[in-house]
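Offset between the sequence shown (1-based) and my numbering: plus 484.
C-beta: ideal position from N, C-alpha, C; glycine also.
Small disclaimer: the values here were computed from a predicted structure and weren't measured.
These notes concern the structure reproduced below.
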Amino acid sequence: MGWARVVSNAVFLPVMVLLAIAIWALNTGVDGFARGWFLVCIIMSLPSLILGYLITRRLPQQGVGALLSAAGLLIFAVGCSDTYLAAARESTQLPISSLLIAFMQGAWMLLYLPWALMLLVFPEGRFADKTARRLGQGLCLVVVLFAVLVALSPMPYTDSFQEQHRVLEPVPGTELVAVLLLPVFLAMLVFSVVHLVRRFRHVDPIIRNQIRWLVLAGLSVPATLLLCWAGYLVFGNESIVVIGLVAMYLFIPATISVAILREDLYDAGRVLVVALGVFVNLALVILLAVVVLRLPGSTTESSFTVLVACTAFGSLILSALRPRLQRLIGRIVYAEHEQLIDSLRIFENKVYSNDAQPTDLENTLRTATSDPTLKIGYAASVGSGFRDPRGNSVAAGDGVKVFLAQRAIGIVVPGLGRGRVFNKESLEAMALLVEMGRQHMELSIALAEIEASRARLVLASHHERKRLERDLHDGAQQRLVALGMKLRLMQRQLPATGGEIAKQLDSAVAEIGTAVAELRQIAHGIRPSALDEGLEAALRQLSGRSPTPVSVQIEGSFARLPELVGATAYFVASEAVHNAIKHSGAEHIIVQLARRDEAVQLQVSDDGCGGAKHTPGGGLSGLSDRVDALGGSLKVRSSKSAGTLIEAVLPCAW
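Pasting the structure below:
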């Protein structure tokens, strides 16, 4: 059993003893105020006692739970002691400890001590560093020293009844030292808050979100003070502050328990921003009321009317300023969320102005959240799961899904512990961007599949041409040649009188020769025979057959060039040279072939009349289809009287 659980369990024994004493005191007779105060103290102590027990039962070593239990015991003890003193006023038979009365005069600091220590140990349940430990020790020392000094001071006790039981001799000067301890205690409380803020800036996102819950709970303290001021303004006393005290002692243990047990139950950052906005609005309204009541002519009787008027007027003004006010507060207490929202807005504008692609959202989120491991997955249209912009599968893990029209369109998978920044507002802000990225990804995948399909068709067509060429060469062509040779052999075996038959055989052999020549032309048209010796040799043969001078410039070796790439490059060069000869009236043509990283660059330029352009079904259109099928690009730059430049870039893995 952990030490924290031992403390929480041990607290219930003194609670039972104090409850028995309080019930005994109540039976002796107390006034209605004392009974009501005792009930209020029970209400304030129960959340701390119960939630502290629950926390330590689930987390036996969690010191926050033990501290909550101790805070509940302290508040309960205050209620029981006040009830006992109220009963002692009515009955002289009840025993009274004069020392206890003496030390109770300055014991009010104890009500702040648990929450001050909570600032130093939250949420781990132990002091985070030496500074926190020294602050905690100093707070305990100041509380004890203040109680001792007040007990020894000559200042009068709370009431005459308690004054009658003074047993300690007053020590002159102790009241001055006690008063000097008040700013020291206040300064230590402030340093505790500052220490918490410093920790908030340097801890991981999970602990940061837990600390937000504690800050949210701490707002109940100044809110109670504001309620006290409002009571003085309206009723002239602090009677309604009891409502604030009850709310504070209910709210603080509840939010601390949520932070420890279920810190992801709600978005503490957004709740904190809204609560701070309401708190600032309330403070400004009360400040306005105070200023108005201080004006000449204001009376106590008109205070209620003035407060109502100021509340209405201030609320109208602040309602218009509330969005900006909450945004300003958000930049202070929820900076990472506001930074994310701003980054999404800027990125959205870039997408709409075509300065960025929707699939760049992942890099934007990584920069905004300082999370280089963040990933975005887009819902696949076919099958289940998510894919990144490159089409790779993304494991959901602890990712946060993005919904649009009640349909999961994507998922954000942040690094460890960084998912708290993606709340409902940020997910809604990125929903359209995720949908655009998803559609962009699907379109890219579809285009890639189309290009791959075209490449497969071109490759299949190329292989089919080679097969047909081989079949023509090895099949029909060889048979025709064999038939011609057989006819010649028959012709030689004819007698001298077979002149007419010999002429017919000559004619048949000639027809066979013509058929063989035509088959060879067909086969060479399917695949240039010049490519058998490589692309460089084929280009040089192309220049040699041209009636117009053609210069061939080759940079690098192309011996290992894939056959399909070489054939495509040759067809581009052949078509470009043919067009220049036929249409441009060029006097000189230059063919340049070069290696560029993992690509082949072919350029054909001439000094002709220019004016070349793509036309549906034209030669350039067919070349463009061939090049596109391999994932390459074909560019044509042609202007009148300035010649034409055709450039093809074909990807190639060497």
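| Item | Value |
| --- | --- |
| Terminal residues of the beta strand (DSSP E) in which ILE1130 lies | 1128-1135 |
| Between the CA atoms of ARG685 and TYR750 - distance to the nearest angstrom | Caution is warranted here: a pLDDT of 49 is assigned to TYR750, below 50, making its placement in the model unreliable, and no coordinate value can be reported. |
| Per-residue DSSP class, three states only, for TYR750 | With a pLDDT of 49 at TYR750, under the threshold of 50, the modelled position of this residue cannot be trusted; read the value that follows with caution. If DSSP states are grouped into helix, strand and coil, TYR750 belongs with coil. |
| Inter-residue CB distance, LEU845 and GLY899 (contact presumed, cutoff 8 Å) | Rounded, the Cβ-Cβ distance is 16 Å, inconsistent with contact. |
| Paired residues, beta bridge with GLN1087 - DSSP | GLN1076, GLU1131 |
| DSSP-derived helix/strand/coil call for LEU911 | helix |
| Local Cβ density within 10 Å of LEU941, reported as buried at 16 or more and exposed below that | exposed |
| Contact check, GLY1094 vs GLY1069, beta carbons under 8 Å | no |
| Segment contact, 8 Å Cβ cut-off, at least three pairs: the stretch 576-590 with the stretch 524-540 | no |
| ARG1121 - containing alpha helix (DSSP H), residue span | Premise fails: ARG1121 lies in the beta strand (DSSP E), 1117-1122, not in any alpha helix (DSSP H). |
| Exposure of GLY520, with buried meaning 16 or more beta-carbon neighbours within 10 Å | exposed |
| N- and C-terminal bounds of the beta strand (DSSP E) containing ARG891 | 891-897 |
| Opening and closing residue of the alpha helix (DSSP H) in which LEU583 lies | 582-588 |
| Distance CB(GLY881)-CB(ILE860) smaller than 8 Å | no |
| Length of the line joining the Cα atoms of ASN493 and LEU629 | 29 Å |
| Simplified DSSP assignment, three categories, for LEU477 | Past the edges of the chain, shown from 485 to 1138, lies residue 477, and the structure says nothing about it. |
| Reference VAL1090; option with closest CA among SER1035, VAL562, LEU734 | It should be pointed out that residue 1090 corresponds to Asp in this sequence rather than to Val. Per the Cα distances, SER1035. |
| Nearest neighbour of LEU552, chosen from LEU964, PRO598, GLY883 [CA to CA] | PRO598 |
| Three-pair Cβ contact test at 8 Å for the stretch 506-515 versus the stretch 632-640 | no |
| Whole-number beta carbon distance between GLN1037 and GLU1085, since they are thought to touch under 8 Å | Glu is not the amino acid found at residue 1085; the sequence shown has Gln there. With 8 Å as the limit, GLN1085 and GLN1037 do not qualify as a contact, their Cβ atoms being about 11 Å apart. |
| Cα-Cα separation between ILE505 and LEU578, rounded to whole angstroms | 11 Å |
| N-terminal and C-terminal residue of the alpha helix (DSSP H) that GLU1020 is part of | 1019-1029 |
| Sequence-distant residues of the same chain with beta carbon closer than 8 Å to PHE831, five excluded per side | ALA840, ASP844, LEU845, THR848, LEU917 |
| C-alpha distance - VAL965 paired with GLU1071, whole-angstrom precision | 42 Å |
| Proximal residues to GLY657 (C-beta, below 6 Å), its chain only, five neighbours per side dropped | none |
| The stretch 560-567 / the stretch 732-748 touching (three or more Cβ pairs under 8 Å) | no |
| Where the alpha helix (DSSP H) containing ALA600 begins and where it ends | 597-605 |
| Three-state secondary structure (DSSP) of SER991 | helix |
| Local conformation of GLU1039 per DSSP, three classes | strand |
| Proximity winner among GLY1018, LEU800, GLY1028, relative to ARG1044 (alpha-carbon distances) | GLY1018 |
| With 16 other Cβ atoms within 10 Å as the buried cut-off, status of ASP855 | buried |
| Secondary structure of SER1125, DSSP reduced to three states | coil |
| Touching by the beta-carbon criterion (3+ pairs, under 8 Å), the stretch 658-665 and the stretch 610-619 | no |
| 7 Å Cβ shell around GLU919 - same chain, five flanking residues per side excluded | LEU888, ILE893 |
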